[in-house]
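**Q**
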Amino acid sequence: MEPPTQPPRGTDWRRFAIVASIAAVLGLAVASTTTAIALPVSFAVAGRSFQVSAERLHGKGAVQFAAFTQDAAGSPRPVAIVGINTARITGLCQSSVVHTPFGAVTLTIRSDDDEPVTGSNLVLDLDHLDGDLRFGHAQLGRDAATLDAVPGVHGMPGAYGQQAQTLDIERMQLTSWSVTAGSFDLHGAHMAVQKGDHSCF
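Its first residue numbered 192, the sequence shown is counted upward by one per residue in this note's numbering.
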């Protein structure tokens, strides 16, 4: 059954994870395949997170659980690991800001407004998510090691996990450390490097 009401707008990630949301989103233009067991991302993440926003995301098969990722310096970072089988995203923007001795520089990637972004077998390390969410056939509080909505993406035994058959997010804004995917397709995408801070939100 669908939940009778939608979560309130502007949901903070910590409250979102506690209250029972399922997050599954993507946003990086470079993707690679991965098999996830407890800690899906098998590479050292950069020292800075990046932003992703979208008008709407529709996903099928979503899981979420807490874990740690590690950057190149060896520092552990607490994250919400999320996975999704397939996703369609409209109005995608991804931005990464680098601070240099000469000022900030922003790399921005935007999708074509008329062509939805599609992705499959997605795994993300998130630390923040805002948006209006609606999820169907959700299971909250399931042992993270038994999650099966996204094959191969699960957590450690005894850890809190949650999953859903469908997920919709309107006015999505998230901060992520990494994204991997079996496939990630952007048609008519635009990439730009600009001086200054030109973050997606």
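Even glycine gets a Cβ: it sits at the ideal position worked out from N, Cα and C.
If you're wondering where the values come from, they're calculated on a predicted model, not measured in any experiment.
Might you give, ordered along the chain, the residues of its own chain that have their beta carbon closer than 7 Å to the beta carbon of F392, omitting 5 neighbours on each side?
**A** Mapped onto the sequence shown, residue 392 falls at position 201. So the qualifying residues of the chain are Q242, S244, Q364.
**Q** Starting from the C-beta of H249, find all residues in its chain whose C-beta is less than 6 Å away, skip the five residues before and the five after it, and write them out in chain order.
**A** Locating residue 249 in the sequence shown gives position 58, where the first residue counts as 1. Here the set comprises R279, D359.
**Q** Excluding the 5 residues preceding and the 5 following S302 in the sequence, name in chain order all residues of the same chain whose CB lies nearer than 6 Å to its CB.
**A** Residue 302 sits at position 111 when you count from the first residue of the sequence shown. L283, V308, L377, A380.
**Q** Does the beta-carbon of D304 have 16 or more other beta-carbons within 10 angstroms, so that it is buried, or is it exposed?
**A** Locating residue 304 in the sequence shown gives position 113, where the first residue counts as 1. Result: exposed.
**Q** With 16 as the cutoff for other CB atoms within 10 Å, does R424 come out buried or exposed?
**A** Because residue 424 is not part of the residues shown, which for the chain are 192 to 392, the question remains open.
**Q** Have a look at S374, G294, R362 and flag the residue whose alpha-carbon is nearest the alpha-carbon of T281.
**A** As a first step, residue 281 is located in the sequence shown; it is residue number 90 there, counting from the start. Measuring from the Cα of T281, the nearest candidate turns out to be R362.
**Q** Distance, Cα to Cα, P394 vs Q261?
**A** Only positions 192 to 392 of the chain appear in the structure, and residue 394 is not among them; the question remains open.
**Q** Can the beta-carbon of S286 be found closer than 8 Å to that of S390?
**A** The residue labelled residue 286 in the question sits at position 95 within the sequence shown. The residue labelled residue 390 in the question sits at position 199 within the sequence shown. Yes.
**Q** Expressed to the nearest angstrom, what Euclidean distance is found between the alpha-carbon atoms of T277 and T357?
**A** Locating residue 277 in the sequence shown gives position 86, counting from the first residue. Locating residue 357 in the sequence shown gives position 166, counting from the first residue. Straight-line Cα distance between these residues: approximately 10 Å.
**Q** In the DSSP assignment, what residue or residues form a beta bridge with G274?
**A** In the sequence shown, counting from the first residue as 1, residue 274 sits at position 83. Bridge partners of G274: V254, V314.
**Q** Answer yes or no: do A372 and L313 have a C-beta to C-beta separation smaller than 8 Å?
**A** For the purposes of this step, residue 372 is taken as the residue at position 181 of the sequence shown. For the purposes of this step, residue 313 is taken as the residue at position 122 of the sequence shown. In contact: A372 and L313 (Cβ atoms closer than 8 Å).
**Q** Using only alpha-carbon positions, find the residue among G343, L317, I300 that is nearest to A383.
**A** Taking the sequence shown and counting its residues from 1, one reaches residue 383 at position 192. Out of G343, L317, I300, I300 has the C-alpha closest to the C-alpha of A383.
**Q** Can L338 and G346 be called in contact, C-beta distance under 8 Å?
**A** Taking the sequence shown and counting its residues from 1, one reaches residue 338 at position 147. Taking the sequence shown and counting its residues from 1, one reaches residue 346 at position 155. Cβ distance < 8 Å, so L338 and G346 count as in contact.
**Q** Measuring straight from C-alpha to C-alpha, what distance separates D334 and T291?
**A** For the purposes of this step, residue 334 is taken as residue 143 along the sequence shown, with counting starting at 1. For the purposes of this step, residue 291 is taken as residue 100 along the sequence shown, with counting starting at 1. The straight-line gap from Cα to Cα measures roughly 44 Å.
**Q** For F293, count neighbouring C-beta atoms within 10 Å of its own C-beta (all shown protein chains included) and say buried if the count is 16 or more, exposed if not.
**A** Working through the sequence shown from its first residue, we reach residue 293 at position 102. Classification for F293: exposed.
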